[in-house]
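Colleague: Heads up: the protein sequence lines correspond to chains D and P, in order.
Going by the numbering used here, the final residue of the first sequence carries number 230, and the count climbs one at a time with no gaps.
Going by the numbering used here, the final residue of the second sequence carries number 1242, and the count climbs one at a time with no gaps.
Here a beta-carbon is modelled for each residue, glycine too, at the ideal position from N, C-alpha and C.
Bear in mind that the values here come from a model prediction, so they are computed numbers and not experimental data.
Got a structure for you, written out below as structure tokens; questions coming shortly.
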Amino acid sequence: MSAAAESSFAAGFAWAIARDVRLAWRHPGEALLVIAFFTLVASLFPLGVGAERELLERIGPGVIWVCALLAAFVSLPALFSSDYADGSLEQMTLSPHPMPGWVSGKIAAHWAISGLPLTVLAPLLGLQYALSADTLVALVCALALGTPVLSLLGAACSALTLGARGGGMLLALLALPLFIPVLVFGAGAAEAQAAGQSSAAHLSLLAAGLILAAIALPSAVCAAIRIALD
Amino acid sequence: MNWFYFASPATFYRLAGRMAPGCFALAAIFAAAGLYVGFLVAPSDAQQGEVYRIIFIHVPAAWMSMFLYFVMACYGAIALTFNARLAAMMARAIAPTGAMLTFVALWTGAFWGRPTWGTYWAWDARMTSELVLLFLYFGFLALANAFEDARRGDRAAALLALIGLVNLPIIYFSVLWWNTLHQGATVSFKGTSMHVAMLTGMLLMALAFWFYAIGTALVRVRSIILERERRSQWVRALKKGS
């Protein structure tokens, strides 16, 4: 029984990831828009605050993190709302796969489409900000650990606001305050490295947050979807 | 004794109506006593002079802002697990008072920070996490009122309150975990490093804020009950009676 339940959890997870990634692949515009938004916003700061090398080095990690936060946030409404609108979300809850499985799969797919490209792209932006090689490594590690947490937290907020009035701004009010701890530790890791200290403490905290979020939040997302479909 | 007797909005409406004036009276008495002790009995501080007296508003407001969020999340948990209507209404009724007290804590903190630290605001861990708490209250209120179906808003907001609960230990322990501008805890269960009169004034004011919060929550829950149950028999009978 337990073996069968496990395999169907994994099956649901794999099914949801494959479906959402394929959907994104067939309409590459949306995912590319998020990446373009991320790059564009990150390029606005040097033009706005001035392009002195010391200043850019100082604000670089923080700016890149804020851009990652905004990029994770702009791609959130697409996570559940189109499936909710055309009724496929309801059909998925009726499927034999346990709900946490395919919900985790959808969240993982969201990260693969939004968080992963940003993590890969971050070193390039870091070079624009004159960050040193060590700082770039810390920044990428922090983004790799932190952006999945953003996807998990954002999925919960996105599911809570299904069918709500004022969707986008409401989602911002719910999600951005919850993103703040990730921003603090994520930017802190790169800043500690840039200041010549070890980024290990910040990265450990981010990893701990990721484990906690990965365990607790999928069931919260399931509960939120059930409330929405009631 | 039937423990679920007051879980019905109709009976709780009457109980709340009877309890609210008592809570406001107690709040006024404790506030008068607390302000008397705070302004006339408690001595000036050796380092800060008279400025420290903001403590009698600031600390009780900050305590209650966290405690009310905890109570609100507990009501949210009860509402979700037992599908209890009244618990969800109580969570909604507490949120505006909690948001107001969070704002008061931040505002008085700014006025206290200016003369003592030389700045209205610092991006210190405790202030930042208290600011996040204010946004959590706003998010709760916005989400609760964002749906056509009030019950849907109740349940979504209750779940959000539970997710936001992780912020409470961060605020509480922020002065221990990060060594920043805001001072550590002066009062704990093990004792205190304060003058007795200062502590008495602060505790009296905390009681005043507590009863004020209960009173406003009860008044607010009464109007929520009336609004939700406006089509029921007992509300119509109430309307005819008055």
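1) Rounded to a whole number of angstroms, what is the C-alpha to C-alpha distance between D1154/P and P117/D?
2) With 8 Å set as the bound, which would you pick, yes or no: does the beta-carbon of I1054/P sit closer than that to a beta-carbon of chain D?
3) Going by alpha carbons, who is nearest to A72/D out of A31/D, I227/D, V21/D and D230/D?
4) Residues of chain P with CB under 7 Å from P77/D, in chain order?
5) Going along the chain, which residues of the segment 1060-1081 of chain P sit with their C-beta nearer than 7 Å to a C-beta in chain D?
6) Specify the secondary structure class of D1154/P as computed by DSSP and reduced to three states.
7) Apart from the five residues on each side of it in sequence, which residues of its chain come closer than 8 Å, Cβ to Cβ, to E1050/P?
8) State the beta-bridge partners of D20/D as determined by DSSP.
9) Would you mind reading off the limits of the alpha helix (DSSP H) that contains P46/D?
10) Distance check for L1068/P and A1016/P, CA to CA, integer angstroms please.
11) Rounded to whole angstroms, what is the Cα-Cα separation between A213/D and A1007/P?
12) Using a C-beta to C-beta distance shorter than 9 Å, which residues of chain D count as neighbours of V1132/P?
13) Taking the alpha helix (DSSP H) that V221/D falls in, what are its first and last residues?
14) Name the chain D residues whose beta carbon is nearer than 7 Å to that of G1139/P?
15) Starting from D1124/P, follow its DSSP beta bridges and name the residues at the other end.
16) Beta-carbon separation of M1194/P and G1038/P under 8 Å?
17) Put D232/D into one of helix, strand or coil per three-state DSSP.
18) By how many angstroms is the C-alpha of P46/D removed from the C-alpha of P181/D?
19) What is the residue span of the alpha helix (DSSP H) that S1223/P lies within?
20) Counting only C-beta atoms, is R1152/P closer than 8 Å to chain A at any point?
21) Please identify the residue among W1234/P, F1209/P and R1236/P whose C-alpha is closest to the C-alpha of W1063/P.
22) Between the segment 119-131 of chain D and the segment 53-69 of chain D, do three or more beta carbon pairs fall short of 8 Å?
23) Would you kindly report the start and end of the unbroken alpha helix (DSSP H) that includes Q91/D?
24) Under a Cβ-count criterion, where at least 16 other Cβ atoms within 10 Å of its own Cβ denotes burial, should Q1183/P be classed as buried or exposed?
25) Can you give the Cα-Cα distance for T119/D and T161/D, rounded to whole angstroms?
26) Give a yes or no on whether the C-beta atoms belonging to G154/D and A175/D are separated by under 8 Å.
27) Do L89/D and I225/D come within 8 Å of each other at the CB atom, strictly closer than that value?
28) DSSP on G1049/P, reduced to helix/strand/coil?
29) Does the structure place the segment 136-145 of chain D close enough to the segment 190-199 of chain D that three or more beta carbon pairs sit under 8 Å?
30) With a CB to CB cut of under 6 Å and the five nearest residues on each side skipped, what residues in its chain are close to I1243/P?
31) If distances are taken between C-alpha atoms only, which option among L1199/P, V1219/P and S1223/P comes closest to I1036/P?
32) Using the beta-carbon of each residue, which ones in chain D are nearer than 7 Å to R1155/P?
33) Checking contacts by CB at 8 Å: is L1143/P closer than that to chain D?
34) I'd like to know if L145/D contacts chain P, where contact means its C-beta is closer than 8 Å to some C-beta of that chain.
35) Here's the rule I'm using: 16 or more other beta-carbon atoms within 10 Å means buried, otherwise exposed. How should Y1005/P be labelled?
36) A1027/P CB to nearest chain D CB: under 8 Å?
Modeller: Looking at the atomic coordinates:
1) Along the second sequence, one-based indexing puts residue 1154/P at 154. Along the first sequence, one-based indexing puts residue 117/D at 117. Distance between the alpha carbons of D1154/P and P117/D is about 37 Å.
2) Residue mapping note: residue 1054/P aligns to position 54 of the second sequence, counting from 1. Chain D, which has no Cβ nearer than 8 Å to the Cβ of I1054/P, makes this no.
3) For the purposes of this step, residue 72/D is identified with residue 72 of the first sequence, where counting begins at 1. Nearest in C-alpha terms to A72/D, of all of A31/D, I227/D, V21/D and D230/D, is A31/D.
4) Your numbering for residue 77/D matches position 77 in the first sequence. Contacts between P77/D and chain P, judged by CB atoms closer than 7 Å, are missing: the closest CB pair is about 14 Å apart.
5) The segment 1060-1081 of chain P vs chain D, Cβ under 7 Å: nothing.
6) What you label residue 1154/P is simply residue 154 of the second sequence in a count that begins at 1. D1154/P carries a helical assignment under DSSP once its states are collapsed to helix, strand and coil.
7) Residue 1050/P sits at position 50 when you count from the first residue of the second sequence. In the same chain as E1050/P, and ignoring 5 residues on each side of it, the C-beta atoms closer than 8 Å to its own belong to S1044, in chain order.
8) Taking the first residue of the first sequence as 1, we reach residue 20/D at position 20. Per DSSP, D20/D has no beta-bridge partner at all.
9) Against the first sequence, residue 46/D aligns to sequence position 46. Per DSSP, P46/D belongs to the alpha helix (DSSP H) from P28 to V49.
10) The count along the second sequence starts at 1 and reaches residue 1016/P at position 16. The count along the second sequence starts at 1 and reaches residue 1068/P at position 68. Cα to Cα, the separation comes out at about 18 Å.
11) Here residue 213/D refers to the residue found at position 213 when the first sequence is read from its first residue. Here residue 1007/P refers to the residue found at position 7 when the second sequence is read from its first residue. In this model, A213/D and A1007/P are separated by some 34 Å (Cα to Cα).
12) Here residue 1132/P corresponds to residue number 132 of the second sequence, with the count starting at 1. Ordered by position in chain D, the residues that pass the 9 Å Cβ test against V1132/P are P177, L178, I180 and P181.
13) Numbered from 1 along the first sequence, position 221 holds the residue referred to as residue 221/D. For V221/D, the uninterrupted alpha helix (DSSP H) segment begins and ends at A200 to L229.
14) Position 139 of the second sequence, counted from the first residue, corresponds to residue 1139/P. The contacting residues are L173, L174 and P177.
15) Sequence index remark: in the second sequence, residue 1124/P carries index 124 (1-based). Looking at the DSSP assignment, D1124/P forms no beta bridge with any residue, so it has no partner.
16) In the second sequence, counting from the first residue as 1, residue 1194/P sits at position 194. In the second sequence, counting from the first residue as 1, residue 1038/P sits at position 38. No, they are not a contact pair.
17) In this structure chain D extends from 1 to 230, so residue 232/D is not present and cannot be described.
18) Position 181 of the first sequence, counted from the first residue, corresponds to residue 181/D. Position 46 of the first sequence, counted from the first residue, corresponds to residue 46/D. Rounded to whole angstroms, P181/D to P46/D spans 25 Å at the Cα level.
19) Residue 1223/P sits at position 223 when you count from the first residue of the second sequence. Counting along the chain, the alpha helix (DSSP H) containing S1223/P begins and ends at V1196 to R1228.
20) The chain inventory of the structure shown lacks chain A, comprising the protein chains D and P.
21) The count along the second sequence starts at 1 and reaches residue 1063/P at position 63. Residue nearest to W1063/P within the set W1234/P, F1209/P and R1236/P is F1209/P (criterion: CA-CA distance).
22) The segment 119-131 of chain D is in contact with the segment 53-69 of chain D.
23) Sequence index remark: in the first sequence, residue 91/D carries index 91 (1-based). Residues S88 to T93.
24) In the second sequence, counting from the first residue as 1, residue 1183/P sits at position 183. The residue is exposed, with fewer than 16 neighbouring Cβ atoms inside 10 Å.
25) Taking the first residue of the first sequence as 1, we reach residue 119/D at position 119. Taking the first residue of the first sequence as 1, we reach residue 161/D at position 161. Looking at the backbone, the Cα of T119/D and that of T161/D are separated by about 27 Å.
26) What you label residue 154/D is simply residue 154 of the first sequence in a count that begins at 1. What you label residue 175/D is simply residue 175 of the first sequence in a count that begins at 1. Between G154/D and A175/D, the gap from beta carbon to beta carbon is short of 8 Å.
27) Here residue 225/D refers to the residue found at position 225 when the first sequence is read from its first residue. Here residue 89/D refers to the residue found at position 89 when the first sequence is read from its first residue. The Cβ atoms of I225/D and L89/D sit closer than 8 Å to each other.
28) Indexing the second sequence from 1 puts residue 1049/P at position 49. In the structure shown, G1049/P sits in a strand (DSSP, three-state: E or B).
29) In short, these stretches touch, since the Cβ pair count reaches three.
30) Nothing about residue 1243/P can be reported from this structure: the residues present for chain P run from 1001 to 1242 only.
31) Within the second sequence, numbered from 1, the residue matching residue 1036/P stands at position 36. Correcting the residue type first, residue 1036/P is Tyr in the shown sequence and not Ile. Among L1199/P, V1219/P and S1223/P, the Cα nearest to that of Y1036/P belongs to L1199/P.
32) Here residue 1155/P is taken as the residue at index 155 of the second sequence, counted from 1. I227, listed in chain order.
33) As a first step, residue 1143/P must be located in the second sequence, where it is residue number 143. With its beta carbon less than 8 Å from one in chain D, L1143/P belongs to the interface.
34) For the purposes of this step, residue 145/D is identified with residue 145 of the first sequence, where counting begins at 1. Not closer than 8 Å to any Cβ of chain P, the Cβ of L145/D fails to qualify, so no.
35) Here residue 1005/P is taken as the residue at index 5 of the second sequence, counted from 1. Burial call: exposed.
36) Your numbering for residue 1027/P matches position 27 in the second sequence. Put simply, the CB of A1027/P is far from chain D, with every gap to its CB atoms at 8 Å or more.
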